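Chemist: Top line first, the protein sequences correspond to chains A and B. Count the first sequence with my numbering and you get residues 1 to 511, in order. Count the second sequence with my numbering and you get residues 1001 to 1690, in order. The C-beta atom is built at its ideal place from N, Cα and C for all residues, glycine as well. Since we're looking at a predicted model, the values are computed, not measured.
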Amino acid sequence: MSLDLSPLTYLLALAFGGTLLTFFAGSRARWIALATAVGTLGISIWLLANFQLGLATDYQFVQVTHWLTLSTGGSAGLAVNYTVGIDGISLPFLLLSAILTLVTVIYHWDERKNPAGFFGLVGLTNAGLLGVFVALDVLLFFAFWEIVLIPMFFLIGHWGGTRRHYASLKFFVYTHVASVVTLVSLFAMVFLGNWGSMDFGGSISTADVAALNVQSIPQITQVLMFGALFFGFGVKLPMVPFHTWLPDAHVEAPTGGSVLLAGMLLKMGAYGLIRIAFPLLPYGHVAAEPVVLGIAFLSIVWGAFLSLAQRDLKRMVAFSSINHMGIVLLAIALWTQLSVTAAVLLMFAHGLVSGLLFLLSGSVHHTFGTRDIPSIGGITSRTPILSTMLIIGSLASLGLPSLVSFPAEFSAFLATWEALGWWILLPLFALVITAGFYLWMLQRLSFGPAHGIPEKARDLPFNEMLAMGLLVSLIVLYGILPYLIVQLIPHSAIFATQCFHGGSTVCATQP
Amino acid sequence: MVGLDFFVYAFLVPLLPALAFVVLGLTGKSFRNGGGLLAVGAEGLALLLSVFFAYEESVSTTGIYHDSSFVWMGLPDGTNFVMGTLMSPLGALMLLVVNIVGFLVVVYSLEYMSHEEGLPRYYAELMLFLTAMNLVCLADNFLEFILAWELVGLCSYLLIGFFWKKPEAASAAKKAFLVTRVGDVLFFVGVFIFFTSLAGVVNPSITTLPYQGQVCPGGQVTWACAGFTFAPPNANSNAPFLAPGTITSPGYGSNLMTLAGLLILGGAAGKSAQFPLHTWLPDAMEGPTTVSALIHAATMVAAGVFLLAITSIYIGFTSTAALVILGIGSFTSLFAGTMGVVARDIKRVIAYSTMSQLGYMVMGVGASSLVLVGPGDAMFHLFTHAFFKALLFLSAGSVIHAVGTQDLFAMGGLLRKMPVTAFTMLIGALALSGIPPFSGFFSKDGLLALTWAASQHYAVALPFFLLALVGVFLTGFYIFRLWFLTFSGSHSRTPGLHGHEPSWIMRAPLVALAGLTLVAGVLPLFGGFANLLPGVQWGTLGYSYTSSGWVFSSSDLMVAIASLVLAFAGVGTAYVFWGNGRVFSLPENSWLRAPHTLLLRKYYFDEVYDGLAHGVILGVARGLDWFDRYVIDGTIHAFERLFSQASERGRRIQSGLVSNYASWIALGLVVLLVAIIYGIPWLDSLWGGG
């Protein structure tokens, strides 16, 4: 066993260790949580700085540590490793997770209800998320995947709104059913594919990865496995019609919980599709293409229309997430270099933007005592900073150029046009609706004569302003200079989309 | 002449207002008067630079400076999205227009806006607008163009809603954004078609197209490898622009290219308020008058015409697309004019005239594409129109500033009280009507002559030419109706209405614009100014402007005479009804009541679109919401009841500890693992092995 520990291992150790400390830190919990969040962000930035572009076809910062060998009752044993590593697809998510955790801690700085528990669970969510995005072993991946769900269940169930018990239970049942289905399919892949280890990257060379193709499995089984994985990951996205847990979970979740839920937990599903379901089951995803595309289009249009119908600001933002994640699913389904790059970029953008919008929903709620859009109006006169942030967040979400969503949506739509032609009109129509519900909300909430504003309403406190300011500056930075994040992705997108299709020849020619 | 390398600094033109925007946006409150002087300074420098660039461009021999070195997003397959600057004749002209009007409007604002709340926001947004608008002029590819184009739309949204406490302003801002968004979506698809269809075209018959591909690493010529940059042609000559027949050459004159052209027209129609995406512009008058002058008259709304112009040069329209463009433009010019005839609000009348004049420009781009020349004439009208329309708006602003109302029927008799304003507005009105020697005559005549020439080749265009002529009559009528109602007569119709001239800060821009309105028409006589108008024909004046080049038939003269007669007839009719303080109103039982109401209600377009948005789309949304709550979630709840036992257990677990819950999960995991490890080989054997 090698003692060469990857920086990723330090990252996980810091995240989990800091979380453990936070749980027992009592009144100092917020400082420990802050230090942990800053630390994980620091390591993530260090990883970004030391990430080598160009050789991104393979994983970097890899550590493979053998754990145990399972006897499968037949051929040679099955190695279960602690295998971690990152590529250009996972690195943006590490950054995003660290950023959103930091933002959550800052925003909830004055949390009064059991702060140690709250910050600890937020830290645990972050630690689990980091694990999901660095794990290159099926079992490890699934273990982290489950770890993420637990703290979110409690965050909703304990710190949530009036219907928190219902919402947390719904969240739990949905995601757990999805997890079980995912697990069955994952293990089917490992065992029916006769994998020598549970690794899907890291311990094996570029050319060997192609061997993970489960070509030997009967095609009908492959399709079934893909279907199961697609369902399992898709529920997390969420995809219509398995989306109804999301608005309830968001509406009841505490603000920070919503930020992590929309910003990160939804991305786990898409990440699973990009990392596992699509590349490892090529026959399955080709066969299921029409269904996947259909669901993607349905989610896009459904999310846009449903957002328009909402009166609750937070519920509206939640449905807009369904719309945006539908575009992500569409981009993944097209499965080209451009579209996968666009999908990852879209998720990065959506993480920042929906994070900002959920923070704003929280601030609107505790400033005005309600999130019901028609019952308050003209808030600009009393809370100009809150209103300005709301305008920026809405514009970012509706895809205004110079803000981060635009390059992502533009490349996704370009890829859609290239692959599907006139179907592009459907998501573009939804884009108009998206602009419509955000501007309508602004018209009613921010502008017009002031009404429904309680006497005690004050503009944003410093910590909330800081949290939002951080997100806004990143939204602008990556909107103006998208290559800062985009340059990481495409090489890995080539690897994902091409190496697994039909063998090693394509990959062998990659640098 | 300094040489083309000086154009490297073209990026400074958008950068100067951008810096002012950042400073004002962050620290605006610490400035006296909201930072207006800083804005004037930044915009003044930008103006000096653009005058210099326009001069250099007009005397340069090669005409094009092009830099697209900044890779915004790049993919390994060679697809590069780049940002850069393109200094071209059209861009330099547009830059000149934007910054002249921009500078004068910022100066005018110093007094006009001084009593308003939220001045730092006003100047910051104005500076952001000028940044984006300069970027539109200098964009070197469609992606960058879209970026800047959407940003000017944003500024339009923010500035229309400047008086955000007024519900009308908030509603108008949303409407402007959404209606242009519909056009933008079409524009996106058009650009996507260009992206994919022009890339990889290797048909040798189109290598003469004004499109230069670059050789990709793979050896194939694609537009993608060039970063999708506009590939500038040899643009500053007066010679026919595209070789005849080019547009219909194989692989290019396809239906897809026609469609692409129409989609680009969709984007232009949204921005330039052309039928049927015109409804937002009259409402946009809820913004401050300075904003109406700069954004909704001179620059942003003209960006749609600019888009059509550069597309016609760099890519070209098929003849079908060009005919539709001509038709939409011509129809809008008349359609808008009819609504201008009955409007009561001084700003709305001018807004309708803007729509109408933009219609002439759009028509001109279509016509120039049909006769295979550059869009110089349309750009010339854009140039002159910017000055006389800004003049009209700022004069109207001076009136509103003094009398505090926008209702034409409440004014009257202001000539003696505000002689300078009345005089500058008269100059603007004459130019708009197309009365020589004011600039509007020269440029509008060029467009009419061009359309007449196009109708000689394509008979379909003839009725549209006639529509445009009727529009000339209406223009003279409604703008002088406005002038007479405002200024003529011995006294105002509202007792106690006291007009007064503004101070020199507001008068100076008025006088400057009046001067420009006078000289802009003959400016092309001097120096190399004509080089900024690629392919310009000059209409009737072509005989005196150039001795060689494209020659129209002598019917041009007839066109000029016809339009002149109609313009005078329009002015005269206005005098008969409204001159000398007369106020004409329709008799109660007149048969004209019904059409009058139709025009006042703007052909009920607002009602139809509102019905579509609130009735249909919102109705569908609420229906789907119901479906979501009761059918989809209802099904889930039915399942839930089935598993009520499980949920009971879940509720008990929830009150427990983390460790308790985690052990449940771990237990579940182990059970699953065992089941799978031993179950899978069994399945395996069932299927006959892997």
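Less than 9 Å between CB atoms is the rule here; does A:Ala396 satisfy it with respect to chain B?
Modeler: To locate residue 396 of chain A, count along the first sequence from 1; it is residue 396. No - not a single Cβ of chain B is within 9 Å of the one on A:Ala396.
Chemist: Compare the C-beta of B:Glu1125 with all C-beta atoms of chain A and state if any pair is closer than 9 Å.
Modeler: Within the second sequence, numbered from 1, the residue matching residue 1125 of chain B stands at position 125. Not one chain A Cβ lies under 9 Å of B:Glu1125.
Chemist: Three-state secondary structure (DSSP) at B:Ala1695?
Modeler: With chain B covering only 1001 through 1690, there is no way to say anything about residue 1695 of chain B.
Chemist: Which residue from B:Val1022, B:Gly1261, B:Thr1311 and B:His1491 puts its Cα closest to that of B:Asn1580?
Modeler: Residue numbering aside, residue 1580 of chain B sits at position 580 when the second sequence is read from its first letter. Of the candidates B:Val1022, B:Gly1261, B:Thr1311 and B:His1491, the one whose C-alpha sits nearest the C-alpha of B:Asn1580 is B:His1491.
Chemist: Helix, strand or coil: how does DSSP classify A:Met198 here?
Modeler: By 1-based counting over the first sequence, the position of residue 198 of chain A is 198. It is coil, neither helix nor strand.
Chemist: Please list the partners that A:Tyr478 has in chain B, where partner means a Cβ-to-Cβ separation under 7 Å.
Modeler: As a working note, residue 478 of chain A is residue 478 in the first sequence. Per Cβ cutoff of 7 Å: no residues; A:Tyr478 is ~11 Å from chain B at best.
Chemist: In three-state terms, what does DSSP make of A:Gly377?
Modeler: Looking up residue 377 of chain A in the first sequence gives position 377. The answer is strand: DSSP assigns A:Gly377 an E or B state.
Chemist: What are the complete beta strand (DSSP E) segments, minimum 3 residues, inside the stretch 1251 to 1283 of chain B?
Modeler: Entirely contained in the stretch 1251 to 1283 of chain B, not one beta strand (DSSP E) run reaches 3 residues.
Chemist: With DSSP collapsed to three states, give me the class of B:Gly1084.
Modeler: As a first step, residue 1084 of chain B is located in the second sequence; it is residue number 84 there, counting from the start. B:Gly1084 falls in the strand class under three-state DSSP.
Chemist: CB-CB under 7 Å to B:Gly1025, same chain, minus the five flanking residues each way: which ones, in chain order?
Modeler: Counting from 1 along the second sequence, the entry for residue 1025 of chain B is found at position 25. Here the set comprises Ala1124.
Chemist: DSSP three-state label for A:Gln60, please.
Modeler: Numbered from its first residue, the first sequence carries residue 60 of chain A at position 60. Looking at A:Gln60 - three-state DSSP - the assignment turns out to be strand.
Chemist: Hey, quick one: how far does the beta strand (DSSP E) through A:Ile300 stretch, first residue to last?
Modeler: As a first step, residue 300 of chain A must be located in the first sequence, where it is residue number 300. No beta strand (DSSP E) contains A:Ile300, which is instead part of the alpha helix (DSSP H) from Pro282 to Ala309.
Chemist: Using only the alpha-carbon positions, how far apart do A:Lys236 and A:Ala412 sit?
Modeler: By one-based count along the first sequence, residue 236 of chain A stands at place 236. By one-based count along the first sequence, residue 412 of chain A stands at place 412. Roughly 21 Å separates the two Cα atoms.
Chemist: In this structure, does DSSP put B:Ile1435 in helix, strand or coil?
Modeler: In the second sequence, counting from the first residue as 1, residue 1435 of chain B sits at position 435. It is coil, neither helix nor strand.
Chemist: First and last residue of the beta strand (DSSP E) that includes A:Tyr483?
Modeler: Here residue 483 of chain A corresponds to residue number 483 of the first sequence, with the count starting at 1. Unbroken run through A:Tyr483 is the alpha helix (DSSP H), Tyr483 to Val486; no beta strand (DSSP E).
Chemist: Would you say B:Glu1150 reaches chain A, if we count a Cβ-Cβ gap shorter than 9 Å as a contact?
Modeler: Along the second sequence, one-based indexing puts residue 1150 of chain B at 150. B:Glu1150 counts as touching chain A.
Chemist: So which of A:Phe242, A:Met239, A:Leu229 and A:Leu192 has the shortest CA-CA distance to A:Pro218?
Modeler: As a position in the first sequence, residue 218 of chain A is number 218, starting the count at 1. Answer by Cα proximity: A:Leu192.
Chemist: Suppose the cutoff is 6 Å on Cβ atoms and the five residues either side in sequence are ignored; what does the same chain contact list for B:Ala1351 look like?
Modeler: Position 351 of the second sequence, counted from the start, is the residue given in the question as residue 1351 of chain B. So the list reads Leu1281, Pro1282 and Met1285, once near-sequence residues are dropped.
Chemist: State yes or no: is the C-beta of B:Pro1288 within less than 9 Å of the C-beta of B:Tyr1112?
Modeler: Translated into the one-based positions of the second sequence, residue 1288 of chain B becomes position 288. Translated into the one-based positions of the second sequence, residue 1112 of chain B becomes position 112. Yes, the Cβ-Cβ distance between B:Pro1288 and B:Tyr1112 is below 9 Å.
Chemist: What are the residues that DSSP puts in a beta bridge with B:Asn1589?
Modeler: As a working note, residue 1589 of chain B is residue 589 in the second sequence. Per DSSP, none; premise fails for B:Asn1589.
Chemist: Taking Cβ to Cβ, would you say A:Gly201 is nearer than 9 Å to A:Ala79?
Modeler: In the first sequence, counting from the first residue as 1, residue 201 of chain A sits at position 201. In the first sequence, counting from the first residue as 1, residue 79 of chain A sits at position 79. No, Cβ-Cβ distance for A:Gly201 and A:Ala79 is not below 9 Å.
Chemist: Would B:Trp1072 be called buried (16 or more neighbouring beta carbons within 10 Å of its own) or exposed?
Modeler: By 1-based counting over the second sequence, the position of residue 1072 of chain B is 72. Looking at its Cβ environment, which holds 16 or more other Cβ atoms inside 10 Å, B:Trp1072 is buried.
Chemist: Counting only Cβ pairs nearer than 7 Å, list the residues of chain B close to A:Ser402.
Modeler: As a position in the first sequence, residue 402 of chain A is number 402, starting the count at 1. What A:Ser402 touches in chain B: Leu1147 and Leu1151.
Chemist: Please report how far the alpha carbon of A:Ala282 lies from the alpha carbon of A:Val173, in whole angstroms.
Modeler: Mapped onto the first sequence, residue 282 of chain A falls at position 282. Mapped onto the first sequence, residue 173 of chain A falls at position 173. First, the amino acid is wrong: residue 282 of chain A is Pro here, not Ala. Going by the C-alpha atoms only, they are around 30 Å apart.
Chemist: Near A:Pro514, which residues of its chain fall below 6 Å by C-beta distance, leaving aside the five closest residues on each side in sequence?
Modeler: Nothing about residue 514 of chain A can be reported from this structure: the residues present for chain A run from 1 to 511 only.
Chemist: How would you list, in chain order, the residues of chain A whose beta-carbon sits under 7 Å from the beta-carbon of B:Phe1195?
Modeler: Translated into positions along the second sequence, residue 1195 of chain B becomes position 195. Within 7 Å Cβ-Cβ: Leu414.
Chemist: Quick test of your reading: A:Ser397 and A:Ser320, contact by CB under 8 Å. State the CB separation rounded to the nearest angstrom.
Modeler: Locating residue 397 of chain A in the first sequence gives position 397, where the first residue counts as 1. Locating residue 320 of chain A in the first sequence gives position 320, where the first residue counts as 1. With 8 Å as the limit, A:Ser397 and A:Ser320 qualify as a contact, their Cβ atoms being about 6 Å apart.
Chemist: Does the contact criterion of 3 or more C-beta pairs under 8 Å hold for the stretch 372 to 382 of chain A versus the stretch 428 to 436 of chain A?
Modeler: These segments do not touch.
Chemist: Can you name, in chain order, every residue of its own chain whose Cβ lies under 7 Å from the Cβ of B:Tyr1543, other than the five neighbours on each side?
Modeler: As a working mapping, residue 1543 of chain B is identified with position 543 in the second sequence. Reliability fails at B:Tyr1543, whose pLDDT of 48 lies under 50, so the model's placement of it is uncertain and the value that follows must be treated cautiously. There are no such residues.
Chemist: On a Cα-Cα basis, can you pick out the residue from A:Gly326, A:Ser363, A:Arg30 and A:Ala342 that is closest to A:Gly88?
Modeler: Your numbering for residue 88 of chain A matches position 88 in the first sequence. When each option's Cα is compared against that of A:Gly88, the closest is A:Ala342.
Chemist: At the level of alpha carbons, what is the spacing between A:Trp440 and A:Phe231?
Modeler: Within the first sequence, residue 440 of chain A is the residue found at index 440, counting from 1. Within the first sequence, residue 231 of chain A is the residue found at index 231, counting from 1. Cα-Cα distance, rounded: 34 Å.
Chemist: I need the boundaries of the alpha helix (DSSP H) containing B:Ile1313, first residue and last residue.
Modeler: Stepping through the second sequence from its first residue, residue 1313 of chain B is reached at position 313. Where B:Ile1313 is concerned, the enclosing alpha helix (DSSP H) stretches over Met1300 to Tyr1314.
Chemist: Taking B:Phe1021 as the reference, give the member of B:Ala1039, B:Arg1032 and B:Val1013 with the closest Cα.
Modeler: In the second sequence, the residue the question calls residue 1021 of chain B occupies position 21. The candidate whose alpha carbon is nearest that of B:Phe1021 is B:Ala1039.
Chemist: With a threshold of 9 Å between beta-carbons, can B:Gly1030 be considered close to chain A, or not?
Modeler: Within the second sequence, numbered from 1, the residue matching residue 1030 of chain B stands at position 30. According to the sequence displayed, residue 1030 of chain B carries Ser and not Gly. Output row for B:Ser1030: interface = no.
Chemist: Candidates A:Ala349, A:Leu5 and A:Leu313: which alpha carbon is nearest A:Met325's?
Modeler: By one-based count along the first sequence, residue 325 of chain A stands at place 325. It is A:Ala349 whose Cα lies nearest to the Cα of A:Met325.
Chemist: Whose CA, out of A:Lys267, A:Pro454, A:Val292 and A:Gly351, lies closest to the CA of A:Ala333?
Modeler: Within the first sequence, numbered from 1, the residue matching residue 333 of chain A stands at position 333. Ranking the options by Cα distance to A:Ala333, first place goes to A:Val292.
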